[in-house]
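Have a look at the structure below, then the notes.
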Amino acid sequence: MSILNHARAAKVKVLANDLIREFIQRGDACLKRMDAAAARNDHLGYVRALYEALGAHVKSYEQAKQMRDDMLKAVVVYMALLLPFCLFLEKLLFRFVKIEHEMGMFAVLFVVTFIIFRAIHPAFRVAQAAEIIFIAFVMGALGIFVISILRSRFEGTMRLLFRSYLGNEVGYSTVTQKAMIIGVNNMKRRRIRTLLTTATIVLVAFTMLSFTSISKKVNPTLVTKSKIAPYTGFMYHWPGKYQMDEQTLAVISTLFEQRGTIVVRRWLLAKEGTPFHVMCNLGTQAQMEGILGLPCVEDGFLRRLPLVSGRFFSSDDAQEVILSSAAALVLHIDPDQIQAVTLSFQGMPFKVVGIFDDVQFRNMKDLNGLPLTPILKLVADNADKANKADKAVKDYMPDMGNLFFTDPAALMVIPVQTAKILGAQPYSISLKMKDEEPIWPMADLLLTATRARFFMSSRIPFVPSTQDEQQTVVPGVYFIGSNYSTSVGGLSVLLIPLFIASSIILNTMLGSVYERKKEIAVYNAIGLNPHHIGTFFLAESLVYGVIGSVGGYLIGQVLSLAISYTGLVQGINFNYSSLSVAYVILLTIAIVLLSTLYPAMAATKAAVPSGKRIWSLPKHDGRTMPVLFPFIYQPRIAIGVLAYLQEYFGRYSEASIGDMIATEEGHSHGVDAKGRDRHTLTYHVALVPYDLGVTEQLVFDLFYDDHVQAYCLHLNINRISGQDSNWVTTNRPFLEQLRKYLMRWRNLDVSEHSLFSERAREQFQQV
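15 is the number of the first residue of the sequence shown in this note's numbering; add one for each residue after it.
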């Protein structure tokens with residue numbers, strides 16, 4: 015085990031794990047003590063050193079295994095972040111037009127980044143086949159790529175099949191994909207701002223990683239059970255009613271031997287429904303539920319046994335028995351005349367040597383706060399009713415619930431070795447030391463050599479030697495949890511740097527919003543709603559977050575290797591390879607995104623200067639309603655939107671079932687004062703519900719607007735019949751659906767735009 019631990023530690027020597035090195039050093043020191051004890055024929059010292067050495071090296075092995083598993087999990091997170099990192103990096107640094115060039119450069123960047131990552135990350139040195147990780151991610155990336163292609167083809171086919179029905183807004187998935195590209199392009203145009211913002215996030219990520227990757231030792235858990243210590247020493251038992259095996263008892267006894275007074279208690283419980291039968295020479299008999307084996311030193315260990323008559327055992331292997339007052343009453347035994355009374359149990363005669371008081375015996379409790387009587391069964395209790403100390407112990411001992419103990423009237427107390435012969439198993443072992451002896455070295459020995467969780471009691475203050483600050487612990491009874499492990503420290507000192515970094519990112523993104531108001535107006539003009547425009551800024555911040563956090567990690571990993579190999583800085587250890595550091599990277603990305611929420615909200619407000627984010631009906635006089643759609647169209651394809659509208663209204667004829675009945679009244683072509691084309695399309699429409707009798711005339715006017723330097727679409731609605739209130743009510747869903755349908759025009763590809771434009775030209779040329 016020592017050779018294996020040294021070999022594994024050599025592979026990850028650049029990592030900071032105090033416990034691995036400490037346990038290895040302690041185990042090696044114990045091995046030297048073991049050899050020295052063997053040389054002077056000190057067998058007890060040899061076995062103790064052996065147990066401590068084995069426990070130390072096993073804990074070192076477990077820590078190394080845990081750290082290796084932790085690193086491999088972290089590698090999965092890092093590799094997953096490398097995919098968007100390389101994608102964004104390729105978009106920022108290069109201006110490729112062809113998709114094959116982009117994919118080729120992305121593959122090159124991913125391979126190069128992986129090679130660097132493989133060289134600096136220690137997980138690849140402990141993994142048996144490190145390249146499998148790379149192959150797995152390549153296969154995963156290819157699978158995602160193929161799935162995305164199939165999904166896009168499927169969505170394209172569905173749009174072709176169902177585009178003639180309900181018109182929906184642009185999906186957020188599509189907008190997010192486009193927003194990534196637009197965000198990178200915006201970062202390209204503002205190189206200085208991009209460089210400074212990215213450098214800020216890199217420094218923030220590096221700072222967080224540095225502070226949270228410092229390894230520190232955790233003190234063993236000390237849960238206060240009582241402020242009054244009955245003695246100075248230890249008590250160990252398995253949780254609940256479980257009884258320990260003889261091997262465990264032998265190890266604990268060896269460690270405790272010659273340290274003080276040792277008490278081993280044994281139980282032998284009858285099977286449910288088949289109690290033990292006991293015959294008395296007085297002609298009486300009784301049924302017993304359990305046997306309790308106690309050593310001779312038990313009398314006076316906690317306090318004197320509360321005997322009402324007789325004496326304690328003469329030896330640990332004597333065939334003697336002590337009964338309770340209730341059991342003596344059942345067997346008709348006179349407490350004043352027990353000298354000639356014997357019991358027969360499993361073919362063995364037992365002399366009755368004493369009778370104890372039931373109530374006082376039940377109140378005799380060791381460090382665990384439980385009576386000495388055996389536990390019959392456990393029933394889960396309500397944890398909310400437990401106090402904090404008991405709940406903390408039950409968190410470590412989940413089998414502890416409501417305990418039901420053996421009735422003293424059905425209990426026999428016999429010597430411990432005699433109980434062992436009858437098949438009784440050890441339940442607990444207790445050690446009573448002198449009050450002036452230091453107790454923590456013994457506790458540290460138990461924590462190192464075993465995985466025991468035990469109770470410790472001290473009548474004088476003591477100082478745990480494993481604490482970073484030598485803090486004195488007051489006397490009392492404590493539950494000791496064996497949880498030696500490393501922890502992540504330094505998070506508390508990051509609050510101010512995180513606040514400063516968030517403010518910088520907030521200021522940067524907010525300034526970007528106000529700087530790009532014209533750009534936001536263009537997004538709004540081409541049909542994107544305010545929420546989509548806000549998504550652009552969140553996507554841009556995601557690019558910053560991924561590049562900054564991954565870049566900060568790479569810098570930190572390289573710096574930690576340089577510090578480790580050169581030894582420039584002493585007394586500080588960095589560990590950039592744990593899973594907790596991966597969480598910090600994700601936290602950095604989350605902070606960048608959260609810092610962009612307000613700028614994204616500001617962008618949505620900038621997209622709607624009136625402050626209204628929900629579409630509302632335009633002003634009207636009750637008979638006429640002018641509607642100017644917020645879309646612009648280039649001259650080459652502008653006429654196609656009229657054919658696009660004809661396809662929409664063509665579905666709603668008298669023979670169809672829909673939200674309206676539409677009849678085309680005509681279309682016309684003309685020119686404006688400057689000789690530019692102007693087209694008109696007229697429809698007669700009856701809106702549902704038809705029993706309201708709402709009919710109207712729709713006049714679409716496509717004209718060139720000098721202000722926006724593009725074509726605009728205007729709709730004039732003239733009420734023909736129906737009450738004005740019903741006319742307004744029915745037009746709201748109609749115009750909402752029409753607006754969504756026109757918004758989808760931007761999602762059509764070039765070939766579809768050309769097809770609609772050619773169709774419209776043919777129709778209007780015939781006029």
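Every residue gets a Cβ at the ideal spot worked out from N, C-alpha and C, and that includes glycine. Treat the numbers as computed from the prediction; the structure is a model and nothing was measured.
Taking the beta strand (DSSP E) that residue i falls in, what are its first and last residues?
{"i": "residue 246", "result": "246-251"}
{"i": "residue 340", "result": "No beta strand (DSSP E) contains residue 340, which is instead part of the alpha helix (DSSP H) from 339-344."}
{"i": "residue 682", "result": "674-685"}
{"i": "residue 299", "result": "299-302"}
{"i": "residue 290", "result": "290-294"}
{"i": "residue 237", "result": "235-240"}
{"i": "residue 321", "result": "321-324"}
{"i": "residue 494", "result": "490-495"}
{"i": "residue 470", "result": "468-472"}
Please look up how many angstroms separate the CB atoms of residue i and residue j, rounded, as I've assumed it's under 8 Å.
{"i": "residue 219", "j": "residue 519", "result": "The Cβ separation is near 12 Å, so there is no contact."}
{"i": "residue 268", "j": "residue 65", "result": "7 Å"}
{"i": "residue 283", "j": "residue 388", "result": "6 Å"}
{"i": "residue 689", "j": "residue 735", "result": "That pair is no contact at about 39 Å."}
{"i": "residue 147", "j": "residue 81", "result": "Contact flag wrong, Cβ pair sits at about 17 Å."}
{"i": "residue 297", "j": "residue 447", "result": "With a Cβ gap of about 48 Å, residue 297 and residue 447 do not count as contacting."}
{"i": "residue 801", "j": "residue 344", "result": "It is not possible to answer for residue 801, since the shown part of the chain is limited to 15 through 781."}
Per DSSP, residue i is paired with what?
{"i": "residue 521", "result": "DSSP, once it has assigned bridges, lists no residue as partnering residue 521."}
{"i": "residue 447", "result": "246"}
{"i": "residue 710", "result": "699 and 733"}
{"i": "residue 308", "result": "429"}
{"i": "residue 440", "result": "280"}
{"i": "residue 726", "result": "646 and 717"}
{"i": "residue 693", "result": "683 and 716"}
{"i": "residue 275", "result": "446"}
{"i": "residue 334", "result": "365"}
{"i": "residue 487", "result": "476"}
{"i": "residue 385", "result": "379"}
Counting along the chain, where does the alpha helix (DSSP H) carrying residue i start and finish?
{"i": "residue 84", "result": "57-107"}
{"i": "residue 744", "result": "738-757"}
{"i": "residue 769", "result": "764-779"}
{"i": "residue 662", "result": "654-663"}
{"i": "residue 374", "result": "372-376"}
{"i": "residue 456", "result": "454-463"}
{"i": "residue 646", "result": "First-last for residue 646: 638-647, but that is the beta strand (DSSP E), not the alpha helix (DSSP H)."}
{"i": "residue 262", "result": "260-270"}
{"i": "residue 356", "result": "No alpha helix (DSSP H) contains residue 356, which is instead part of the beta strand (DSSP E) from 356-359."}
{"i": "residue 129", "result": "113-134"}
Nearest to residue i by alpha carbon, out of the options?
{"i": "residue 782", "options": "647, 744 and 487", "result": "Coverage of the chain is limited to positions 15 through 781, which leaves residue 782 absent and any answer about it impossible."}
{"i": "residue 221", "options": "595, 244 and 613", "result": "595"}
{"i": "residue 127", "options": "100, 776, 262 and 469", "result": "100"}
{"i": "residue 451", "options": "471, 440 and 726", "result": "471"}
{"i": "residue 289", "options": "358, 770 and 302", "result": "302"}
{"i": "residue 570", "options": "764, 131 and 748", "result": "131"}
{"i": "residue 525", "options": "759, 614, 119 and 449", "result": "614"}
{"i": "residue 353", "options": "345, 85, 377 and 325", "result": "325"}
{"i": "residue 661", "options": "678, 668 and 649", "result": "678"}
{"i": "residue 272", "options": "617, 445 and 103", "result": "445"}
{"i": "residue 475", "options": "536, 490 and 112", "result": "490"}
{"i": "residue 608", "options": "465, 633, 559 and 573", "result": "559"}
{"i": "residue 68", "options": "55, 752, 77 and 37", "result": "37"}
{"i": "residue 62", "options": "55, 293, 72 and 44", "result": "44"}
{"i": "residue 239", "options": "54, 555, 473 and 381", "result": "381"}
{"i": "residue 650", "options": "195, 362, 775 and 377", "result": "775"}
{"i": "residue 536", "options": "361, 717, 645 and 684", "result": "645"}
Under the rule that 16 or more other beta-carbon atoms within 10 Å means buried, what is residue i, buried or exposed?
{"i": "residue 257", "result": "buried"}
{"i": "residue 203", "result": "exposed"}
{"i": "residue 652", "result": "buried"}
{"i": "residue 167", "result": "exposed"}
{"i": "residue 510", "result": "exposed"}
{"i": "residue 342", "result": "buried"}
{"i": "residue 295", "result": "exposed"}
{"i": "residue 647", "result": "buried"}
{"i": "residue 397", "result": "Caution is warranted here: a pLDDT of 42 is assigned to residue 397, below 50, making its placement in the model unreliable, and no coordinate value can be reported."}
{"i": "residue 528", "result": "exposed"}
{"i": "residue 55", "result": "exposed"}
{"i": "residue 745", "result": "buried"}
Do residue i and the ligand FMN come close, with the Cβ less than 8 Å from some heavy atom?
{"i": "residue 161", "result": "As far as ligands go, the structure on display features none, and thus does not contain the ligand FMN."}
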